[in-house]
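Asks: Before we start, here is the structure in question, set down as structure tokens.
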Amino acid sequence: MKKPDSRRRPWGDGPAAVVVGLDNITGLQTARILADRGVRVYGVASDRRHFGARTNACVEVVESRLSGPALVDTLRRLARRLGPDRAVLVPCTDGAVWALSLHRDELLDLFRLPLGDHDGIDLLMDKVRFADHAHLHGLAAPRTEVLRSRADAEKAAEVLTWPSLLKPPVKAEEWLAHTSAKGIPVRSPEELLDVYDRVAGWAPVLLAQEWVEGPEDALFSCNAYFDATGAPLVTFVARKLRQWPPHVGTSASGEECRNDEVLKETLRVFGSVPYQGLAYLEMKRDSRTGTMMIIEPNVGRPTGRSAIAEGGGVELVYTAYCDAAGLPLPTRRTQQYLDTTWLDVRRDVQAAVVGIRRGELTARDWLSSLRGPRTHAIWSARDPQPFATDLANVAGTALRRRR
């Protein structure tokens with residue numbers, strides 16, 4: 287068993303945390319945040335070679351599938367070694383959230399899981415159900431058509447406006463095997479049908495959603511944590527600066543900001559169902575109408591950019607851990623608007639290069655956007671191996687392509 291990194295706090299007396307889904311940016315950041323606060327962290331990764339699994343923040347990293355009975359068996363074996371003080375489970379992928387929620391009855395005698403009832407989780411995770419829920423409750427969401435067949439795609443092509451976005455309800459393994467993009471833009475009825483024919487096998491159901499016009503920095507988000515009564519214990523509002531791949535990817539950089547409209551809508555969305563756990567709502571201001579539109583909720587886990595909250599002095603992830611562990615809540619739970627930025631160095635450089643080439647960004651504006659207090663997605667002087675591994679992987683891929 288590893289000793290704690292000497293540059294981090296000594297381990298405290300609270301229960302351990304098990305980060306499920308360590309092999310991504312979200313899992314890496316979550317492990318670091320908790321370890322820095324004296325929590326013994328164990329990681330579960332589907333690929334121990336992934337850069338996130340190279341962190342020194344974990345006492346141990348276990349390789350396992352992140353869903354189904356295989357994950358349950360892995361966690362049961364881990365629980366026997368951790369002893370009677372139930373560890374806190376922190377899922378860091380949508381698949382892990384779904385699996386832990388679905389199998390909670392098999393795990394709650396061994397672990398603590400700060401997650402509301404399964405029906406609420408299903409409603410908020412299933413983009414088909416959520417689209418119906420948003421319409422019923424008058425939530426500002428773009429028009430969405432459910433595509434279960436080519437005939438559905440043909441009907442959607444007749445009623446949608448353009449551009450639109452074709453995407454899966456959940457980015458499952460089959461979708462991710464083909465692309466890391468959240469969705470694929472389509473600009474006409476003909477293109478919708480062409481793309482549908484190409485990707486229909488990537489997911490059993492697809493969604494065609496009208497595109498919300500506006501630049502990437504018109505994408506706002508609110509991270510939050512709700513306790514068992516549904517009360518928001520902590521909130522933090524930020525916005526994207528750039529994403530990779532451009533327009534349809536995940537955050538490459540972001541900054542905290544004040545947007546009371548996004549905060550209010552986040553409380554309304556998660557207050558419309560009985561809900562407990564970490565929560566995230568992404569919204570975008572439509573440049574044509576000025577209306578803030580819901581892009582998607584994420585539930586039960588931290589997000590790639592949620593570490594900006596800790597960088598801004600707000601204990602988002604640690605609040606979730608303390609609430610689940612029955613420990614006193616941290617005092618730093620109110621956003622102070624310190625102009626903190628969040629940066630995934632490599633991907634932001636890639637996004638900036640593309641933006642500069644397209645004339646959408648200048649080098650001066652890019653550098654200016656990175657001023658102020660900063661928190662990093664992967665880079666850490668105290669934990670350099672993940673960043674080095676990520677760069678080595680990219681260099682290796684580029685070399686193989688060149689050959």
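For what it's worth, the working numbering labels the leading residue of the sequence shown as 287, then goes sequentially.
Note that CB positions come from ideal geometry on N, CA and C, so glycine has one too.
Bear in mind that the values here come from a model prediction, so they are computed numbers and not experimental data.
(1) Note down the Cα distance separating V491 from L433, rounded to an integer number of angstroms.
(2) Here's the rule: buried if 16 or more other CB atoms are within 10 angstroms of the residue's CB, otherwise exposed. What is H336?
(3) Using the DSSP secondary-structure output, state which residues sit across from Q621 in a beta bridge.
(4) So W461 is in the beta strand (DSSP E); what residue range does that whole segment cover?
(5) Using the rule of at least 16 other Cβ atoms within 10 Å of the residue's Cβ for burial, across every protein chain shown, is Q621 buried or exposed?
(6) Which ranges would you report for the beta strand (DSSP E) in the stretch 586-667 if only whole runs of at least 3 residues count?
(7) Between P531 and the rest of its own chain, which residues show a CB-CB distance below 7 Å, the 5 nearest in sequence each way excluded?
(8) Which class does T675 belong to by DSSP, given the choice of helix, strand or coil?
(9) My assumption, with CB atoms under 8 Å, is that P616 sits in contact with T605. Please give the rounded CB distance.
(10) By how many angstroms is the C-alpha of L314 removed from the C-alpha of A321?
(11) Taking the continuous beta strand (DSSP E) assigned at W497, which residues delimit it?
(12) Please state if the CB of A317 and the CB of G300 are separated by a distance shorter than 9 Å.
(13) Can you look up K289 in the DSSP assignment and give me helix, strand or coil?
(14) For V585, which residues of its own chain have a beta-carbon under 7 Å away from its beta-carbon, when the five flanking residues on both sides are left out?
(15) Would you check if the stretch 490-509 and the stretch 430-448 touch, i.e. whether three or more CB-CB distances between them fall below 8 Å?
(16) So what does V569 bridge to, in DSSP terms?
(17) Can you tell me which of A458, C508 and R668 puts its alpha carbon nearest to the alpha carbon of V555?
Replies: Taking the structure as given:
(1) A straight-line Cα-Cα distance of about 6 Å links V491 and L433.
(2) Label assigned to H336: buried.
(3) Q621 is bridged by DSSP to nothing; it lacks a bridge partner.
(4) Going by DSSP, W461 is part of no beta strand (DSSP E) but of the alpha helix (DSSP H) stretching over E459 to L462.
(5) Under the 10 Å beta carbon count, Q621 is surrounded by 16 or more other beta carbons and is classified as buried.
(6) Taken in chain order, the complete beta strand (DSSP E) segments of 3 or more residues contained in the stretch 586-667 are 627-629 and 660-662.
(7) The residues are A467.
(8) Secondary structure of T675 (DSSP, three-state): helix.
(9) With a Cβ gap of about 6 Å, P616 and T605 count as contacting.
(10) The straight-line gap from Cα to Cα measures roughly 11 Å.
(11) Element bounds for W497: n/a, residue is neither H nor E.
(12) No. Outside cutoff.
(13) In this prediction, K289 scores a pLDDT of 47, lower than 50, which makes its location untrustworthy; no coordinate-derived value is stated.
(14) Contacts found: V383, I407, L410, M411, G563 and A565.
(15) By the C-beta criterion, the stretch 430-448 is judged to be in contact with the stretch 490-509, since at least 3 inter-stretch pairs fall below 8 Å.
(16) Residue identity check: residue 569 is Met in the sequence provided, not Val. Looking at the DSSP output, M569 shares a beta bridge with F506 and I580.
(17) Measuring from the Cα of V555, the nearest candidate turns out to be C508.
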